[in-house]
Amino acid sequence: GDRILCFESEYAGNAVAYLQMAKRTGVSLEVLPMRGDGVADLRALEEALRSPPAGAAQCGQKGRVLVALTHVQTDSSIVQPAARVGALCATYGALFLLDSCQSVGQMPVNVRSIGCDFACGTGRKWLRGPRGTGFLYARRETMHRTGG
Numbered sequence: 001g002d003r004i005l006c007f008e009s010e011y012a013g014n015a016v017a018y019l020q021m022a023k024r025t026g027v028s029l030e031v032l033p034m035r036g037d038g039v040a041d042l043r044a045l046e047e048a049l050r051s052p053p054a055g056a057a058q059c060g061q062k063g064r065v066l067v068a069l070t071h072v073q074t075d076s077s078i079v080q081p082a083a084r085v086g087a088l089c090a091t092y093g094a095l096f097l098l099d100s101c102q103s104v105g106q107m108p109v110n111v112r113s114i115g116c117d118f119a120c121g122t123g124r125k126w127l128r129g130p131r132g133t134g135f136l137y138a139r140r141e142t143m144h145r146t147g148g
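Numbered according to the UniProt record's numbering, the sequence shown spans residues 1 to 148.
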C-alpha cells in the first residue's frame, strides 16, 4: 500500500499530521533514523525506498511512497541534504515533500535543483509575512500522479 517515510527529527506538527493520515487512510508511516550528527540517514532512506513494506510483495502491492523532510531543523538549525533526498526520490519514483518553513527566506531554496514535488512553508517566519499565511508548491509534472 501507500507509505509515508519521514525522519526522527520531523517537526512535531508534521508528524502528527502524518499519524492522523495513517489512522484515517491506512497509509503506513515509517520513521527513519538520523545519523549521530543530526543529519538524515540517507542509507536508511535508500534501503526503505528499495524495500517494500513487510507483506506488500506477497500481496502484489506496490503503492505510492511520499518522503517528507524538514529542510532546516527548528531545534538545531541543521540543514538537511534536501537535494540528495530529492535525487533518491527521483531514482526510486517516490514523491518528495519538503517542509521549508525554516529555510525559505533565510537561504536560497530552489525547488527544481532540490527536486521536490511539493514544498510548504509559512509566511510569518523568514518571509516576514503576517501570521496565518503560507504556501504550498506543487510541481506541475507531479499532479497526474496524485489525482490533482
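From the three backbone atoms N, C-alpha and C, an ideal C-beta is built for every residue, glycine too.
Could you say which of the options lies nearest to residue i if we only look at CA atoms?
i      : options                       : result
Arg112 : Glu141, Glu46, Gly132         : Glu141
Leu45  : Ser28, Cys6, Arg139           : Cys6
Leu66  : His144, Gly134, Asp2, Ala138  : Asp2
Leu49  : Gly132, Gly93, Cys120, Asp117 : Gly93
Leu69  : Pro108, Tyr18, Ser51          : Tyr18
Rounded to whole angstroms, what's the CA-CA distance from residue i to residue j? Just pull it up for me.
i      : j      : result
Val104 : Arg24  : 31 angstroms
Leu95  : Arg64  : 8 angstroms
Ala82  : Asp99  : 10 angstroms
Gly26  : Glu8   : 21 angstroms
Gln58  : Tyr11  : Any reading at Gln58 must be qualified, since the residue scores a pLDDT of 47, below 50, and its modelled position is unreliable; no value is offered.
Val39  : Gly13  : 19 angstroms
Tyr121 : Gln106 : Sequence inspection shows Gly at residue 121; the Tyr mentioned does not correspond to that position. Roughly 12 angstroms separates the two Cα atoms.
Val72  : Val109 : 11 angstroms
Thr133 : Gln102 : 14 angstroms
Leu136 : Cys116 : 12 angstroms
Met34  : Asp41  : 5 angstroms
Ser76  : Met143 : 33 angstroms
Arg124 : Ile114 : 23 angstroms
Starting from residue i, follow the beta strand (DSSP E) in both directions and report where the run begins and ends.
i      : result
Cys120 : 118-122
Glu30  : 28-32
Gly134 : 134-138
Please confirm whether residue i has its beta-carbon closer than 9 angstroms to some beta-carbon of chain E.
i     : result
Gly63 : In the structure shown, chain E cannot be found, because there is only a single protein chain.
The alpha helix (DSSP H) with residue i in it runs from where to where?
i      : result
Ile114 : 111-114
**Request:** Decide if the segment 88-102 is in contact with the segment 15-33; the criterion is three or more beta carbon pairs, one per stretch, under 8 angstroms apart.
**Result:** No: fewer than three Cβ pairs fall under 8 angstroms.
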